[in-house]
Structure formats: structure tokens, C-alpha cells
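Visitor:
Residue numbers (the numbering used here): 758 to 922.
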């Protein structure tokens with residue numbers, strides 16, 4: 758797991774790098790790899806912060822503040838990026854990018870849902886196998902005790918010669 762502070766620093770450095778490069782770039786296409794890295798850094802930071810929250814390290818206020826500030830910074834940069842596309846007359850490209858992002862987000866959500874359902878089925882199957890093992894163990898124990906009882910009864914009958922006559 759990546760440290761949340763390192764992840765946030767990654768977002769900030771990626772944003773500043775893209776801003777510096779956009780001042781000297783002639784074409785938005787040449788910025789695409791850096792912009793992609795910035796959004797990758799945003800994704801990594803968001804996941805790291807959510808993981809930190811799940812690990813219960815630090816205060817809720819501190820974690821919430823870090824998450825919201827990182828997301829706000831990324832949102833503001835996304836607006837600047839949108840304006841850059843508008844200024845260069847490429848708003849149609851921006852709209853296509855956003856549409857593709859939405860499609861990919863939906864696919865990710867479906868995949869996560871499928872993984873959660875699969876995990877739930879696996880846990881249910883594991884629970885069922887545990888219950889079956891316990892039931893088999895209990896039946897085996899009862900049969901063992903019953904067998905010992907019969908052996909003791911036979912031994913008692915042979916030594917006293919008083920059974921069933």
C-alpha cells in the first residue's frame with residue numbers, strides 16, 4: 758500500500774508538471790501522456806486515502822480533509838484542462854474523453870460488483886463446507902461413543918453372563 762501523503766504529493770507534482778508543460782506545448786496531444794499520469798496519480802491517491810481510512814490510521818477529520826483537498830485540487834485542474842481544450846477549439850475531443858471515462862467508470866463498477874458477488878459466494882461456500890465438516894465430526898463422535906457403548910455392553914455381558922437370558 759502506498760502512503761497517502763506520498764500519493765497526494767504525486768498528484769501535486771503531476772499537476773504542476775502538466776501546468777508547466779501546457780505553457781510551452783503547441784498541441785494538446787503532446788500533453789496526453791502527462792495528463793494521463795496526473796489522472797493515474799489521482800486514482801492512486803484516492804485509493805491510498807480510502808485504504809488509509811479502512812485501516813483506521815489517523816483521525817477521521819484528517820483523512821476526510823486529505824481526501825477532499827486532493828479531490829478538489831484534481832477537480833480544479835480538470836476544469837483548467839477543460840478550458841484549455843475549449844481555447845484550442847477541441848471541446849469535442851474533451852466531450853469524447855469524458856464520455857469514454859464515464860463508460861470505463863461504469864465498466865469498473867460492474868467489475869467491482871461482480872467481484873463482490875463472487876467473494877460473497879466464496880464465503881458462503883466456505884461457511885457451508887465448515888458446517889458440513891462440523892456435522893460430519895459430530896456424527897462421527899456420536900457413532901464412536903455408540904460403538905464404545907456396544908463394546909462395553911458386550912464385555913459386560915461376557916463377564917457377568919447375564920445379558921439377554
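The beta carbon of each residue, even a glycine, is placed where N, CA and C say it ideally should be.
Would you tell me roughly how many angstroms separate the C-alpha atoms of residue 865 and residue 871, rounded to the nearest one?
Guide: 10 Å
Visitor: Name the residue from 868, 900, 838, 887 whose alpha carbon lies nearest to the alpha carbon of residue 855.
Guide: 838
Visitor: Under 8 Å, do residue 827 and residue 802 count as touching if we go by C-beta distance?
Guide: yes
Visitor: Where does residue 795 land, buried or exposed, given buried means 16+ other C-beta within 10 angstroms?
Guide: buried
Visitor: The alpha helix (DSSP H) spanning residue 847 covers which residue range?
Guide: Per DSSP, residue 847 belongs to no alpha helix (DSSP H) and is neither H nor E.
Visitor: Mind checking residue 799: buried by the 16 CB within 10 Å criterion, or exposed?
Guide: buried
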